[in-house]
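Chains A and B, in that order, are what the protein sequence lines are. Each residue of the first sequence is one higher than the last, beginning at 33 in this note's numbering. Each residue of the second sequence is one higher than the last, beginning at 2 in this note's numbering.
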Amino acid sequence: MNRDLRFTALKKTPFHSRTSLASRTNKYYNWNGFTVPTEYSTTELEYTAARNGTSVMDLTPMCKYMINGSNANKFVDYLVTRDLSQMEDNTVAYIIWCNEDGKVMDDGTIFKFSNTKFMLCCAVKIYNWLHDSAEGFDVSFEDATDTTAALAIQGPTSCSTLKNYGAEDLELLKPFGMKQYNINGYDVLISRTGFTGDLGYELWTDPANAENMWDSIMEAGKELKIRPFGMHALEMTRIEAGFIQTNTDFMAAEGSLRPVRMRSPYEIGMGWLVHLNKESYFVGKRALKKEKETGNSERCLVGLDIDGDKPAVGSVIYNEKKEDIGIVTAAMWSPTMKRNVALASLKRPYGIKIKENIFAEIYHPEELEYKKIWAKCKVVKRQFFSPERRNKVPADLYE
Amino acid sequence: MSDNYDVIVIGAGHNGLVCANILAKKNRKVLICEARENCGGLVEESITNFVPQIPLSVSSSLGGLPVKYKAKSTIALSESGQHIRLVGNQHIDHKVISGFSSKDADRYVEFHDKMSSFSKALGSFMMASPPRIMNNTFSDYFKLFKLGMNVRMLGKKKFNEFARMIGLNIADELEDNFENTLLQGLIAHDAVLGSNLGPRSPGSLINLLYRMATHDNSIFGGIYEIDGGSKAFVDTLLDISNKNKVEIKTSSSVKRCITENDKAIGVELHSGEKIYAKKIISNADPRSTYFSLLGTENLDTDVKRRIKHHRSKGKVAKLSLSLNKQPEFINCDKNDLVSRMVIAPSIDYIEEAFNPSKFDKLSMEPILEMKLKNSDQSNPVLDIQVQYASYGAQEGWDKIKDNYVDAVIKLIGKYAPDIQSCIETKTIVTPDDIEKNFYVSGGHWHHGEIQIDQLFMLRPIPGASQYRTHLDGLYMCGAGTHPGGGLTGIPGKNAAQAILEDA
């Protein structure tokens, strides 16, 4: 117990014995203090599985907090910008939360079991923030990150895979719904959520069940093109889906050193999650109301459709006068859409009023030389990929 | 629902009364809700030895109070009887100190001049509403510029000295200058008075500058006092309130602020009664204002953090001893007994008394400031300010109170051997009592430490300076705001100005 923290190795998730066995590349990275694979075989293959079969990802490192107490529903409504007062039991909602200046701290999902019990999932640790916010509310918190094993099962055949695994009537579960199962003697919570913009589910269970669950699901999906996938493939799918990632597409307010780097929800395309007409107060409401009224949001986060096929990774965006108007935060050639897409943070009015005649300066590496490309871009909807099957009820089944 | 009043002031402390009257004079219809039966709040002789010290600016904005300058004298008691008697006059004080050390006497004049010029440079800043850089307005920048200029105009040498001293502890400065430990103890006492600091705590020097700014820029100087002291001050304020048609509701404690569209529009009393007004002003301490009146559910997390970290633990108890005759203080004559008497024989003594208070414990040898009231009559009262009587003492005030009082009396006995036989009754008011009876969280005189991180535009917390709170329409006028407590009425006056500016 007295080990020097500086030399403490990264933690292994409850799936590690299986993920490490599946990994051919031995490529891992540090996600929230855990070691997890960046890719198992090749990113392209894993990406293809996610879009055509079933992909499995170890989600355990996600921050997970249980929020309990008689005021839990009021507290959650106070914490986040979205109006959750009408949220039904056994549903999930996508949320963001802000600091007092109305700058976004992180996004995440909130799982509602009842008015007195919630689970919050997010990327950035916020245990302190929860405690300090709780002053005046009857709530308690439990950091369930280490005590809950989580697995993402995503892709068109994911529903069939999970049905084979034992999740009865899963096809009837609506998007952002969740259901408690008992499979192979263990409680498993299945929610129809995910980060790939496709049909998909996330499973939450006791770490003791992790290995059994992994093995059973791999077996269940054997005929359904199942494959574990790592962070790189996830990054591809999430860009296509137009999902934003904290500290990639915007800086978390608590973590950014420069106040000018902090972004309000309106500046990262999350205005739709801010319900200023919510009856009760929520953190950042005064600042956000002021921003909305004065309309002084400075930036915006948009999707770009870029000419050519060279990904505009890290590109600076210019107007026709060659003035710097923003930066690409994530970019890729989308194999599914056959489009060169990117997410970009632009200075208004670019992206809002001016959507044409903007350019990306792409430096494309070609064997120790850079090819400089001046590519024309068009501002488009950020959600590049959104197949019908994503929200279909009952979900598509395959044999 | 109509606005019955223009302004509701929550709390009839002196700042609340000053604020209400300035607004009433500008034809606002004002109501004051006071939780207690009496008005005046902490302006009570049972709480502190402080007498109201009203700057002329406050007096004049109330239409002129009968204040006049009164010189003060201070005596630092020594067990050996070698007391030091100071009156705030350079020539006399120089002569007195020469009797102990001629080097100290010269140094004292130098030290005093230096401190005095610093307190003058800070003075105008101390009295006015603090600037706020976030506002980005010309007047706020100008104020800052003026402060900078005031300090810079001291000259290069003094400016450097100011920069050196602003965060310094008082002990270092005193030990550099003086050799007489009693003199060191006396000045150190005045520097830490009412604060949560020992003489060796960084920042204790600014506390002394703060005190000087409200004492005519002199360490032992006089003050602008109202005839008749605390009671007269409150009575005068109530008279003026009457004249200005300020309504006062006593025994009406406010439960919360009523809000509509995130704006304060009235108050709800504990009785259930709701009263509406255009503006609400809280004379309560910052913690109560934010957590009770505004309500935790209406605060941003960052604000909650700041209020929770706001330092407001009181450290001073007031012990009143009614006596049946005048006690005989060793080597003191009748004139000495009307002085302020201080028991703080050395810096080390004070630091030792301070040490247990870091752990919320009590020292049985505290530092004392005493005043003998009605000294010429047959029933004198010895008013004693006992410092480092920690709020929420670990020993438990209920259990230790009697022992503590006895310890204080025993301590006084070293300087007045017959004190025990003179005592008729003894009453002590601890910070815990102040919290309970006067609704001041932490029982702090100043509603919060006077420290560099809780002063000027940072008082009471960042984002709430200039007497405005985070809620539109809710203001603060208590000692928790700039420049703090000390029975000056300045926070009340500045708050009234802020409200008039916003109207």
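Positions of the beta carbon are idealized from the N, C-alpha and C atoms, including for glycine. As the structure is a computational prediction, the values presented were derived from the model and not from experiment.
Work out the CA separation of Arg341/B and Gly486/B for me, nearest whole Å. Translated into positions along the second sequence, residue 486/B becomes position 485. Translated into positions along the second sequence, residue 341/B becomes position 340. So the two alpha carbons sit approximately 20 Å from each other.
What does Glu46/B reach in chain A if we use C-beta pairs closer than 9 Å? Against the second sequence, residue 46/B aligns to sequence position 45. Residues of chain A with a Cβ closer than 9 Å to the Cβ of Glu46/B do not exist; the shortest Cβ-Cβ separation is about 36 Å.
Beta-carbon of His471/B versus every beta-carbon of chain A: anything under 8 Å? The sequence position of residue 471/B within the second sequence is 470, counting from 1. Closer than 8 Å to some Cβ of chain A, the Cβ of His471/B qualifies, so yes.
Using a cut-off of 8 Å between C-beta atoms, extract the partners of Ser165/A located in chain B. Taking the first residue of the first sequence as 1, we reach residue 165/A at position 133. At a beta-carbon threshold of 8 Å, the residues of chain B lying near Ser165/A are Thr302, Lys305, ordered along the chain.
Examine chain A for any beta-carbon lying closer than 8 Å to the beta-carbon of Asp228/B, and answer yes or no. On the second sequence, residue 228/B is found 227 positions in, with the first residue counted as 1. For Asp228/B, the answer is no, since every Cβ of chain A falls outside 8 Å of its Cβ.
Return the chain-ordered ranges of every alpha helix (DSSP H) run that is complete within the stretch 152-228 of chain A and spans a minimum of 4 residues. Counting only runs of 4 or more, we get 159-165, 190-197.
What does the alpha-carbon distance come out to for the pair Gln327/B and Val430/B? One-based indexing of the second sequence puts residue 327/B at position 326. One-based indexing of the second sequence puts residue 430/B at position 429. Those two C-alpha atoms are separated by around 23 Å.
Name the residues in the stretch 113-132 of chain A whose C-beta lies less than 7 Å from a C-beta of chain B; which are they? The stretch 113-132 of chain A vs chain B, Cβ under 7 Å: Asn131, Glu132.
Going by alpha carbons, who is nearest to Glu226/B out of Arg288/B, Phe51/B, Val317/B? For the purposes of this step, residue 226/B is taken as the residue at position 225 of the second sequence. For the residues Arg288/B, Phe51/B, Val317/B, the minimum Cα distance to Glu226/B belongs to Phe51/B.
Give the straight-line distance between the Cα atoms of Gln186/A and Val88/A, rounded to the nearest whole angstrom. As a first step, residue 186/A must be located in the first sequence, where it is residue number 154. As a first step, residue 88/A must be located in the first sequence, where it is residue number 56. Val88/A has its alpha-carbon roughly 7 Å from the corresponding atom of Gln186/A.
Could you list the residues in the stretch 153-187 of chain A with a C-beta less than 8 Å from some C-beta on chain B, going in chain order? Cβ contacts with chain B: Trp161, Asp164, Ser165, Glu167, Gly168, Phe169.
In whole angstroms, what separates the C-alpha of Ser366/A from that of Glu267/A? Position 334 of the first sequence, counting from 1, holds the residue named residue 366/A. Position 235 of the first sequence, counting from 1, holds the residue named residue 267/A. If you draw a straight line from the Cα of Ser366/A to the Cα of Glu267/A, it comes to about 11 Å.
Once the 5 residues before and after Tyr79/A are set aside, which same chain residues still bring their CB inside 6 Å of it? What you label residue 79/A is simply residue 47 of the first sequence in a count that begins at 1. Excluding positions up to five away in sequence, the list reads Ala265, Met268.
For Asn284/B, the first and last residue of its enclosing alpha helix (DSSP H): As a position in the second sequence, residue 284/B is number 283, starting the count at 1. Here Asn284/B belongs to no alpha helix (DSSP H), and DSSP marks it neither H nor E.
Distance between beta carbons of Thr86/A and Ser10/A, contact taken as under 8 Å: Residue 10/A lies beyond the range of chain A shown here (33 to 431); nothing can be said about it.
Note down the Cα distance separating Ser62/B from Val10/B, rounded to an integer number of angstroms. Start at 1 with the first residue of the second sequence, and residue 62/B comes out as number 61. Start at 1 with the first residue of the second sequence, and residue 10/B comes out as number 9. So the two alpha carbons sit approximately 18 Å from each other.
How close, in whole Å, do the beta carbons of Gly316/A and Asp301/B come, if the pair is a contact with beta carbons under 8 Å? Position 284 of the first sequence, counted from the start, is the residue given in the question as residue 316/A. Position 300 of the second sequence, counted from the start, is the residue given in the question as residue 301/B. Contact flag correct, Cβ pair sits at about 6 Å.
Give the residues from the stretch 238-263 of chain B that approach chain A closer than 8 Å (Cβ to any Cβ), ordered along the chain. Taken in chain order, the members of the stretch 238-263 of chain B whose beta-carbon sits within less than 8 Å of a beta-carbon on chain A are Asp263.
Cβ closer than 8 Å: which chain B residues qualify as neighbours of Gly287/A? In the first sequence, the residue the question calls residue 287/A occupies position 255. Simply none; closest approach about 15 Å.
Contact list for Lys309/B against chain A, beta-carbon separation under 8 Å: Translated into the one-based positions of the second sequence, residue 309/B becomes position 308. Ordered by position in chain A, the residues that pass the 8 Å Cβ test against Lys309/B are Asp164, Glu167.
Since Lys73/B contacts Gly223/B with CB under 8 Å, what's their CB separation in whole angstroms? Here residue 73/B refers to the residue found at position 72 of the second sequence. Here residue 223/B refers to the residue found at position 222 of the second sequence. Distance from Lys73/B to Gly223/B at the Cβ level is roughly 5 Å; contact confirmed, criterion being Cβ atoms closer than 8 Å.
From the DSSP output, which residues share a beta bridge with Ser146/A? As a working note, residue 146/A is residue 114 in the first sequence. Answer is Lys149/A.
Bounding residues of the alpha helix (DSSP H) (the contiguous stretch that carries Thr269/A): Walking along the first sequence from the start, residue 269/A turns up at place 237. Element bounds for Thr269/A: 263-273.
Can you tell me whether Glu502/B is buried or exposed, with buried defined as 16 or more other CB within 10 angstroms of its CB? Residue numbering aside, residue 502/B sits at position 501 when the second sequence is read from its first letter. Burial state of Glu502/B is exposed, judged by a 10 Å Cβ sphere holding fewer than 16 other Cβ atoms.
Go ahead and label Ile368/B buried or exposed: buried means 16 or more other beta carbons lie within 10 angstroms of its beta carbon, across all protein chains shown. As a first step, residue 368/B must be located in the second sequence, where it is residue number 367. Classification for Ile368/B: buried.
Closer than 8 Å at the beta carbon, the chain A residues around Thr297/B: As a working note, residue 297/B is residue 296 in the second sequence. The contacting residues are Glu167, Gly168, Phe169.
Under the rule that 16 or more other beta-carbon atoms within 10 Å means buried, what is Trp398/B, buried or exposed? Here residue 398/B refers to the residue found at position 397 of the second sequence. Looking at its Cβ environment, which holds 16 or more other Cβ atoms inside 10 Å, Trp398/B is buried.
Own chain partners of Val425/A with C-beta closer than 7 Å, once the 5 adjacent residues on each side are dropped: As a working mapping, residue 425/A is identified with position 393 in the first sequence. Taking Val425/A as the centre and dropping the five residues before and after it, the same chain places the C-beta of Leu204, Lys206 closer than 7 Å to its C-beta, in chain order.
Would a check of beta-carbon distances place Asp503/B closer than 8 Å to chain A? By one-based count along the second sequence, residue 503/B stands at place 502. Using a CB distance cut-off of 8 Å, Asp503/B does not count as an interface residue toward chain A.
Taking Cβ positions, are Ile142/A and Ile127/A nearer each other than 8 Å? Against the first sequence, residue 142/A aligns to sequence position 110. Against the first sequence, residue 127/A aligns to sequence position 95. The Cβ-Cβ distance between Ile142/A and Ile127/A falls below 8 Å.
Between Val108/A and chain B, is any beta-carbon pair separated by less than 8 Å? Within the first sequence, the letter at position 76 stands for residue 108/A. Between Val108/A and chain B, the shortest Cβ-Cβ separation is not below 8 Å.
Whole-angstrom C-beta distance between Gly229/A and Leu417/A, which should lie under 8 Å: By one-based count along the first sequence, residue 417/A stands at place 385. By one-based count along the first sequence, residue 229/A stands at place 197. In the sequence as presented, Leu is not what sits at residue 417/A; that position holds Phe. With a Cβ gap of about 5 Å, Phe417/A and Gly229/A count as contacting.
I need the straight-line Cα distance from Gly14/B to Leu32/B, nearest angstrom please. Numbered from its first residue, the second sequence carries residue 14/B at position 13. Numbered from its first residue, the second sequence carries residue 32/B at position 31. Near 13 Å, if we compare the C-alpha coordinates of Leu32/B and Gly14/B.
Are the stretch 314-328 of chain B and the stretch 376-393 of chain B touching, with three or more C-beta to C-beta distances below 8 Å? These segments touch.
Keeping to the same chain, check which residues put their C-beta closer than 8 Å to that of Leu338/B; ignore five residues upstream and five downstream. Walking along the second sequence from the start, residue 338/B turns up at place 337. Only Gln327, Phe330, Leu373, Ser376 meet the Cβ criterion.
Out of Val59/B, His84/B, His113/B, which has the shortest C-alpha to C-alpha gap to Asn332/B? Counting from one through the second sequence, the residue named residue 332/B turns up at place 331. Taking only the C-alpha atoms, the option nearest Asn332/B is His84/B.
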